[in-house]
Amino acid sequence: MTKYIKDKFRNVTAISFKAYDNDLVINFSGFENEQDIEDFCEFVFQRIHMRSTFGENPPTVH
37 MTKYIKDKFR NVTAISFKAY DNDLVINFSG FENEQDIEDF CEFVFQRIHM RSTFGENPPT
97 VH
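Whatever position you read off the sequence shown (first residue = 1), add 36 for this note's numbering.
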């Protein structure tokens, strides 16, 4: 993770929990503005090599 990313998202925290037998839910909070949420989503999904859509469209289902 670059220093820029660490600085930009320094106030972001996460909580994860098991929802059902094979489900994992992760919630990130602490973003400073709406654009930061989109940037973080794009960063996370790129790092785990998954496609994502975010914004005005319905959420991506993986």
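Ideal placement from N, C-alpha and C gives every residue a C-beta, glycine not left out.
When the Cα of residue i is compared with those of the options, which residue comes out closest?
{"i": "residue 50", "options": "70, 57 and 66", "result": "66"}
{"i": "residue 54", "options": "73, 63 and 75", "result": "63"}
{"i": "residue 41", "options": "61, 60, 84 and 75", "result": "75"}
{"i": "residue 46", "options": "68, 59, 56 and 60", "result": "68"}
{"i": "residue 48", "options": "60, 57 and 73", "result": "73"}
For residue i, list the residues DSSP reports as bridge partners.
{"i": "residue 51", "result": "63"}
Unbroken alpha helix (DSSP H) runs of length 4 or more, entirely within the region 54-89: which are they? Taking only runs of at least 4 residues, the alpha helix (DSSP H) segments lying wholly in the region 54-89 are 70-83.
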